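>
4 protein chains.
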Amino acid sequence: MVYPSGRHFLQIPGPTNIPDRVLRALAAPTIDHRGPGFSRLAREVLEGLGRVFGCSGPVVVFPSSGTGAWEAALVNTLSPGDRVLMFETGHFAALWCGVARRLGLEVEFVPGDWRHGVDPGEVRRRLAADWRGETKAVAVVHNETSTGCTSRIAEIREAMDEAGHPALFLVDVISSLGSIEYRHDEWGVDVAVGCSQKGLLLPPGLGINALSERALEASRGARLPRSYWDWRPMLESNEEGYFPYTPPTNLLFGLREALAMLFEEGLENVLARHRRHAEATRRAVRAWGLEVLCLEPAEYSASLTAVLMPEGHDADLLRRLVLEGFNMSLGAGLGKLAGRVFRIGHLGDLNDLMLVGALGGVEMGLSVAGVPHSKGGVMAAMEYLVETAPVAGRRAVAAGG
Amino acid sequence: MVYPSGRHFLQIPGPTNIPDRVLRALAAPTIDHRGPGFSRLAREVLEGLGRVFGCSGPVVVFPSSGTGAWEAALVNTLSPGDRVLMFETGHFAALWCGVARRLGLEVEFVPGDWRHGVDPGEVRRRLAADWRGETKAVAVVHNETSTGCTSRIAEIREAMDEAGHPALFLVDVISSLGSIEYRHDEWGVDVAVGCSQKGLLLPPGLGINALSERALEASRGARLPRSYWDWRPMLESNEEGYFPYTPPTNLLFGLREALAMLFEEGLENVLARHRRHAEATRRAVRAWGLEVLCLEPAEYSASLTAVLMPEGHDADLLRRLVLEGFNMSLGAGLGKLAGRVFRIGHLGDLNDLMLVGALGGVEMGLSVAGVPHSKGGVMAAMEYLVETAPVAGRRAVAAGG
Amino acid sequence: MVYPSGRHFLQIPGPTNIPDRVLRALAAPTIDHRGPGFSRLAREVLEGLGRVFGCSGPVVVFPSSGTGAWEAALVNTLSPGDRVLMFETGHFAALWCGVARRLGLEVEFVPGDWRHGVDPGEVRRRLAADWRGETKAVAVVHNETSTGCTSRIAEIREAMDEAGHPALFLVDVISSLGSIEYRHDEWGVDVAVGCSQKGLLLPPGLGINALSERALEASRGARLPRSYWDWRPMLESNEEGYFPYTPPTNLLFGLREALAMLFEEGLENVLARHRRHAEATRRAVRAWGLEVLCLEPAEYSASLTAVLMPEGHDADLLRRLVLEGFNMSLGAGLGKLAGRVFRIGHLGDLNDLMLVGALGGVEMGLSVAGVPHSKGGVMAAMEYLVETAPVAGRRAVAAGG
Amino acid sequence: MVYPSGRHFLQIPGPTNIPDRVLRALAAPTIDHRGPGFSRLAREVLEGLGRVFGCSGPVVVFPSSGTGAWEAALVNTLSPGDRVLMFETGHFAALWCGVARRLGLEVEFVPGDWRHGVDPGEVRRRLAADWRGETKAVAVVHNETSTGCTSRIAEIREAMDEAGHPALFLVDVISSLGSIEYRHDEWGVDVAVGCSQKGLLLPPGLGINALSERALEASRGARLPRSYWDWRPMLESNEEGYFPYTPPTNLLFGLREALAMLFEEGLENVLARHRRHAEATRRAVRAWGLEVLCLEPAEYSASLTAVLMPEGHDADLLRRLVLEGFNMSLGAGLGKLAGRVFRIGHLGDLNDLMLVGALGGVEMGLSVAGVPHSKGGVMAAMEYLVETAPVAGRRAVAAGG
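Residue numbers (the UniProt record's numbering), protein chains in the order written: chain A, 1 to 401; chain B, 1 to 401; chain C, 1 to 401; chain D, 1 to 401.
#1: Would you please verify whether the beta carbon of C:H33 is less than 8 angstroms from any beta carbon of chain D?
#2: Give me the chain A residues within the contact set of D:P310, using Cβ-Cβ distance strictly less than 9 angstroms, ordered along the chain.
#3: From B:E241 to A:R226, what distance separates their C-alpha atoms?
#4: Quick one: is C:F92 buried, meaning 16 or more other Cβ sit within 10 Å of its Cβ, or exposed?
#5: Are the beta-carbon atoms belonging to A:T305 and A:V322 less than 8 angstroms from one another?
#6: Is B:Y245 helix, strand or coil by DSSP?
#7: For a quick check, are the C-beta atoms of D:L211 and D:P58 less than 8 angstroms apart?
#8: With DSSP collapsed to three states, give me the class of C:Y182.
#9: Can you pull the DSSP bridge partners for B:M86?
#10: By how many angstroms is the C-alpha of B:G345 removed from the C-alpha of B:L255?
#11: I'd like to know whether the C-beta of C:P4 is nearer than 8 angstroms to at least one C-beta of chain D.
#12: Suppose you measure from the CA of D:A302 to the CA of D:D352; what does that come to, to the nearest Å?
#13: Select from B:L262, B:K136 and B:R286 the residue whose C-alpha is nearest the C-alpha of B:G221.
#14: So, does the CB of residue 405 of chain D fall closer than 8 angstroms to a CB anywhere in chain B?
#15: Against chain D, which members of the region 92 to 110 of chain B pass a CB distance test of less than 9 angstroms?
#16: In or out: D:W131 buried (at least 16 other Cβ within 10 Å) or exposed?
#17: Is the region 177 to 191 of chain D close to the region 42 to 62 of chain D, with three or more CB pairs under 8 angstroms?
#18: Please state if the CB of A:P111 and the CB of A:E144 are separated by a distance shorter than 8 angstroms.
#19: Is C:K375 close to chain B, meaning its C-beta is less than 8 angstroms from at least one C-beta of that chain?
#20: How far does the alpha helix (DSSP H) with A:D161 in it reach, from first residue to last?
#21: Can you list, in chain order, the residues of its chain whose CB lies under 6 angstroms from that of A:V75, leaving out five sequence neighbours each side?
#22: Output the distance between the C-alpha atoms of A:H8 and A:S329, rounded to the nearest integer angstrom.
#23: Starting from D:T388, follow the beta strand (DSSP E) in both directions and report where the run begins and ends.
#24: Which of helix, strand or coil does DSSP assign to B:M1?
#25: Residue range of the alpha helix (DSSP H) that B:C97 falls in?
#26: Check whether chain F comes within 8 angstroms of B:P204, counting only Cβ atoms and requiring the distance to be less than that.
#27: Residues of the region 240 to 256 of chain D with a CB closer than 7 angstroms to any CB of chain C: list them in chain order, please.
#28: Mind listing the chain A neighbours of D:F326? Cutoff is C-beta to C-beta under 7 angstroms, in chain order.
#29: Are the beta-carbon atoms of A:I156 and A:L271 separated by less than 8 angstroms?
#30: Determine, for A:L201, whether the minimum Cβ-Cβ distance to residues of chain B falls below 8 angstroms.
#31: In chain order, what residues of the same chain lie with their CB nearer than 7 angstroms to the CB of D:R83, ignoring the 5 residues before and after it?
#32: Of the choices A:R21, A:T16 and A:I12, whose alpha-carbon is the least far from that of A:A260?
#33: Relative to the C-alpha of C:T147, which residue among C:G335, C:L350, C:G178 and C:S367 is closest?
#34: For C:L170, I'd like the list of residues in its chain whose CB is within less than 6 angstroms of its CB, leaving aside the five on either flank, ordered along the chain.
#35: Are the C-beta of A:P29 and some C-beta of chain C separated by less than 8 angstroms?
#36: Need the endpoints of the alpha helix (DSSP H) that C:M328 sits in, please.
This is how it looks when you write it as structure tokens:
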């Protein structure tokens, strides 16, 4: 590496820059997972997660990646051959579809252009057409990490209700939880799928499900084989603050600290901060003369922005030069977007100056890589940040600046 | 807690006392799991794990607990309805059996008294009787964490060979790896199941499989549904140092440090240390007039010692008094041993004085709990430690002490 | 080292075993020492230190070792050629005397046998004889770290009062603060000299003075040259939570955590714990047939115990064998006690099992080194610990044990 | 604080942003400072410091702030009433002068405008005029942290030689060491004064002296009272890797890691990085239409840049708004510059994107505070960074960008 000095800018859309408070919490000595101290810890973090999900039902934590939590959502609610309605919003939707198929489910996979979220009208049409009720679940990725397009979960719920269809509603909130508004109970989601390494400010290692009452019911009749991912022993043990197998203790130490940080800042403030940083980022992108991948403003992601490269320029070369020259990791284009987009993660424990540095790294990288662009992206972003700076903005006016 | 001061003694048979070097390594900032730095890390730790297993084939690491690695061993090698030969050596063997059954396998579960390892003769007889070859796998727990009895893996392999039976050989090395001699290639094991929080000196969060060539072959025909646990995408991604889904980066930082520590001490020395501490512990137990649960000296565990309580005395009361009065966690009796035994973990990053402190805690706990016993357990242990102190022992003789 | 595994036993009388909570607090990113966050930190720790000293006047913290705080106590209160009454209680008293002489003070150094504290009667006699009031200060080491003998500060104060002598009273509480009862205001001490690496549970790096009103007055007229150690700019800056030069920020992070731990346990409980561990240690020493260096029971130290070696046996050889064989550091004999005593530190963040391990290390070390002794020291210590175990003791009786 | 999220930008000219590797090293358990492990550590770091200073003589480390090391330089080489030639380059030169006077030295303090370094011609004239040799030492601040002006040490040495004057040459390298070229031996400096919290990447707590042979000689005759700061016992103990009083062990752990980082990057690269970041910063300042305090380009500091506020605007209000609004600490104007300048620290463990973020924070702060300025400072800095990006620059050309 050319510049080994200084702090790495981890601007992929997860894992995110872990706060040092959380890193230090991770380093506490592991404790007995069957002792009273652990029980207190587990109950505290499970309750805190419920607040973040807006879920009054149980939240289940697996030692796993988010991929495991996808699998858990499916095997606990469905039976072999069950039909699931899924939408090709991008690479991760396609991966979840693959998981479902490998487990023996029949997926109706609605094609998409990777530049939009799920169309609620399409959901209504598809479910309305399913008068036999063969579709057992609708599974949607809230924030498609590969494209930076969100799906409007509340509207999709409404569409399902309008269709009067009893399918379960499964939502992947992996890269939205803690970054983009999500209301589990209010939006009538049955199973939410989350993980640790995004808005929850942790390293990877926790897969999470938030459950509705209907999801619990469904789990009683579901017949896909399940053992590790089975909610039942988990819920039973969690009751007393324990786990049916050894829990990832140190990540739970970190989770306690991360939740404390989210609540100290205030969840609403956290979400507003993400929205503001996302808009600043898009202004930079436009000032560079580049194109935001997401085509629908109502679906812009607050977690990340995927940027299209000009024809004939390789996003991966840009990313490599940025890494080597400026000590920053950007997200690659995934699947069919490989080489054509790069992704700027602006989620997690971020602030204005970290974002300015990150956007500066992109702007300088574009120069170094010889990608045609206008300068001034960072300047445009800063202008927006100043305009919207809480408190500070008002002073600026007062000072006539 | 009465004594909140000082270092907690975590003398359960895992998670173990994590070395502070490893704890600090866990606290390094998470890096991009698709970047070149991660690739180097992953290759280094996978290679190091191979050395610890004595396995020249691939080693696969899942973000999971050891329970997940049990499941992985089964779903990658077997098909619905396949018969597996398992042995009731204790609580964990019973749990693994439960996993297999939930996944749709047919388990022949040979009863046991929880005070012995697996009888190699029984393996030979059972397999010899299976002239139709219906048994697809033999699954054995190397060190039964609930009883402190080991099974003689090399002899069981021999028995399988003598029976000329083609079943796969699956071995749980969860609480033996890094503490008790285990030789994957040499002993002809097909899938070994390990995890992070025992002899590998880490917090929980990694489930591990070590594979033989035959296991890989079997995985090509196996038909149990599998997605998260599937070795194939894992092996393919690992080739370049990557993972098919987000890996538990910070635990891998810790693993690199833990492996460095094991290799610095020398694996042979690590195993010898465990044997010595186990013998010292048993001498203490006998001096107290209590009974070691394991009945077969050749099967004594070097990782932990389970101790029978005198009739009419509750092991869990003792454990609670030791925790509250002496800031030490001991292992509970599990399953049918609940309340009747307590378990002293003496594995992981231990030294003589930590062991003396731990045994002192038991001896004082017995007094406080009013359990009839002879004093002098610690003294007996110390005598053995002095006799066998490397270097030091020789000096004692020279000095005529 | 023979046993590199496991936790090191740091049983020197300081630095002590730092709690991992404090170690992690030390690793927080350094902050601006002129910013508002620092100001809050500084005020909080200075106030907390006042509680530990029992001092309602100011407490001053230098980036220095305790030796620096000795110097500060002298240069802020005395003038060239001033006479100071000091007592040869051991190595550290002699070192402080040397500091005073190098600074141009005239020390009346009362000889001692290194096996007692200061005789209050002698103080009274000396001061009574000084009818001209030439003695400007009496300087006493509260707990002589080289011998394990304490001096009775309250009685010495009484003696000074009885002599009606106006000398200032300077007391070194380096290895007593937070381990042995010390009451600054109540005992009428003018300057107390402390540091971070003993009962305050921190690494070395803070020198501390606690001041009385009279000390402040004296500082206005004192004429020894002073700059770094000058209280005046320090007190002025401290007023607002700042320092006249760059403060040791990260040690102050650690101090905040250490103070929190002391207050959580309760200062009275902390002191009682030290007394109990000291008595347990002395019982072990006597059971070994060895001799505690301190001859006066009323002066036994609760921080450490110095043990005399039998004639013809080298304490340093013992210490080396214990270090190499058992991964424990013991304190050396200092000055004229070199080779003749070893010192067991039992102060700081200790608990019963750590002490049992430490005493076990001494007992095994005696065997390995061929030092004649009776076994059973650890057993005697454990008996006392059980008898005096809070809560637990009562249960033992109830259980008839 | 408005934005509690994300990493704080500590852009004061020390303490600097501590690398997380160093922070974790600080958190290792304290060891026996009289044991063999400590001795190895001490020798290693003292030798490494010698390389950083370019000093083949001894380097002495005190548990102290840099202010203590100023005092040490004086008391070890001078006698009461000795005359020292000092130059008013700024606030810190004035403070050092104050230290000297309080210790009883007679300082000839040459006035300055706080916008230049020391004029070598003035040194020559003053010394040439001192035909009686009354000046015993010339004391210069290499990098005046309050102004961002450096003094040309090599030229001053030349001037001293030309004057043929035997005065000792004392140089404060507190904010230059590890950031700005300094060659102790080559430039004929007798005592250099350094500390930990600047280019050495550590928290505050170490005061450092690097010595020449002549300094050692001088110390044998020097008669200022000294005890804590005395080099003689320090050098004697250091010989074997020990200290005459308890050393700041954990900071030495950190120092070992910090030195490793400096040597990994390469000292030459470290210095080049600082020069490049300083130039980028000055380009931003000029683009804003503001004035760099330092008037002499040959004396621009690579560690920090002090910026003059436009008439009628308060630097401290700007700093407060930047802190509250953008989570960044800037340096205040000190002494007579209070409120009139702010200082941007760009030393220590920095990289391009951290600098871009920091400059962005200033640019946005100027807007928020209503300070008249042109936008485009960050853009100007980025242009320079791209032009001079090692490796990357060449690619940009190749790509025609």
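We put the CB at the ideal spot given by N, CA and C, even for glycine.
Small disclaimer: the values here were computed from a predicted structure and weren't measured.
This is what the structure gives:
#1: As a first step, residue 33 of chain C is located in the third sequence; it is residue number 33 there, counting from the start. So yes, C:H33 belongs to the interface.
#2: By one-based count along the fourth sequence, residue 310 of chain D stands at place 310. Correct list: empty, because the minimum Cβ distance to chain A is about 12 angstroms.
#3: Counting from one through the second sequence, the residue named residue 241 of chain B turns up at place 241. Counting from one through the first sequence, the residue named residue 226 of chain A turns up at place 226. Position check: residue 241 of chain B holds Gly in this sequence, whereas Glu was assumed. Taking the straight line from one Cα to the other gives about 30 angstroms.
#4: Locating residue 92 of chain C in the third sequence gives position 92, counting from the first residue. That one is buried.
#5: The residue you call residue 305 of chain A lines up with position 305 of the first sequence. The residue you call residue 322 of chain A lines up with position 322 of the first sequence. No, Cβ-Cβ distance for A:T305 and A:V322 is not below 8 angstroms.
#6: Here residue 245 of chain B refers to the residue found at position 245 when the second sequence is read from its first residue. Coil at B:Y245, not helix or strand.
#7: Residue 211 of chain D sits at position 211 when you count from the first residue of the fourth sequence. Residue 58 of chain D sits at position 58 when you count from the first residue of the fourth sequence. The answer is yes: Cβ separation under 8 angstroms.
#8: Within the third sequence, numbered from 1, the residue matching residue 182 of chain C stands at position 182. C:Y182 falls in the coil class under three-state DSSP.
#9: The residue labelled residue 86 of chain B in the question sits at position 86 within the second sequence. For B:M86, which the question treats as bridged, DSSP gives the partners B:F109 and B:A139.
#10: Indexing the second sequence from 1 puts residue 255 of chain B at position 255. Indexing the second sequence from 1 puts residue 345 of chain B at position 345. So the alpha carbons of these two residues sit roughly 21 angstroms apart.
#11: Position 4 of the third sequence, counted from the first residue, corresponds to residue 4 of chain C. No, C:P4 does not count as interfacial toward chain D.
#12: Locating residue 302 of chain D in the fourth sequence gives position 302, counting from the first residue. Locating residue 352 of chain D in the fourth sequence gives position 352, counting from the first residue. Taking the straight line joining both Cα atoms gives about 14 angstroms.
#13: As a first step, residue 221 of chain B is located in the second sequence; it is residue number 221 there, counting from the start. Nearest of B:L262, B:K136 and B:R286 to B:G221, Cα basis: B:K136.
#14: This structure gives no information on residue 405 of chain D, because the portion of chain D shown stretches from 1 to 401.
#15: none
#16: On the fourth sequence, position 131 is the one that residue 131 of chain D refers to. It is exposed - the Cβ of D:W131 has fewer than 16 other Cβ atoms within 10 Å.
#17: yes
#18: Within the first sequence, residue 144 of chain A is the residue found at index 144, counting from 1. Within the first sequence, residue 111 of chain A is the residue found at index 111, counting from 1. Contact: no.
#19: Along the third sequence, one-based indexing puts residue 375 of chain C at 375. Output row for C:K375: interface = yes.
#20: Within the first sequence, residue 161 of chain A is the residue found at index 161, counting from 1. Its alpha helix (DSSP H) spans residues I153 to A163.
#21: As a working mapping, residue 75 of chain A is identified with position 75 in the first sequence. Once the five neighbours on either side are set aside, the close Cβ partners of A:V75 are L224, R226 and W229.
#22: If you number the first sequence from 1, residue 8 of chain A lands on position 8. If you number the first sequence from 1, residue 329 of chain A lands on position 329. Spanning the two alpha carbons is a distance of roughly 8 angstroms.
#23: Translated into the one-based positions of the fourth sequence, residue 388 of chain D becomes position 388. Looking at the DSSP string, D:T388 is not in any beta strand (DSSP E), and its letter there is neither H nor E.
#24: To locate residue 1 of chain B, count along the second sequence from 1; it is residue 1. Note that B:M1 has pLDDT 37, beneath the 50 cutoff, so the model's placement of it is unreliable and the number below is only indicative. It is coil, neither helix nor strand.
#25: Residue numbering aside, residue 97 of chain B sits at position 97 when the second sequence is read from its first letter. Here the alpha helix (DSSP H) through B:C97 covers H91 to R102.
#26: Although the question refers to chain F, the structure presented lacks it and instead comprises the protein chains A, B, C and D.
#27: Y245, T246, P247, P248, T249, N250 and L251
#28: Here residue 326 of chain D refers to the residue found at position 326 when the fourth sequence is read from its first residue. Per Cβ cutoff of 7 angstroms: D352 and L353.
#29: For the purposes of this step, residue 156 of chain A is identified with residue 156 of the first sequence, where counting begins at 1. For the purposes of this step, residue 271 of chain A is identified with residue 271 of the first sequence, where counting begins at 1. Cβ atoms of A:I156 and A:L271: not closer than 8 angstroms.
#30: The residue given as residue 201 of chain A occupies position 201 in the first sequence. Output row for A:L201: interface = no.
#31: Residue numbering aside, residue 83 of chain D sits at position 83 when the fourth sequence is read from its first letter. Closer than 7 angstroms at the Cβ level, and outside the excluded window around D:R83, lie E106, E108, E134, T135 and K136.
#32: In the first sequence, the residue the question calls residue 260 of chain A occupies position 260. Taking only the C-alpha atoms, the option nearest A:A260 is A:R21.
#33: Residue numbering aside, residue 147 of chain C sits at position 147 when the third sequence is read from its first letter. It is C:G335.
#34: Taking the third sequence and counting its residues from 1, the one referred to as residue 170 of chain C is at position 170. Excluding sequence neighbours, C:L170 sits near A73, A137, A139 and V191.
#35: Walking along the first sequence from the start, residue 29 of chain A turns up at place 29. With 8 angstroms as the cut-off, A:P29 counts as an interface residue toward chain C.
#36: As a first step, residue 328 of chain C must be located in the third sequence, where it is residue number 328. It is not in any alpha helix (DSSP H) - C:M328 instead sits in the beta strand (DSSP E) that spans M328 to A332.
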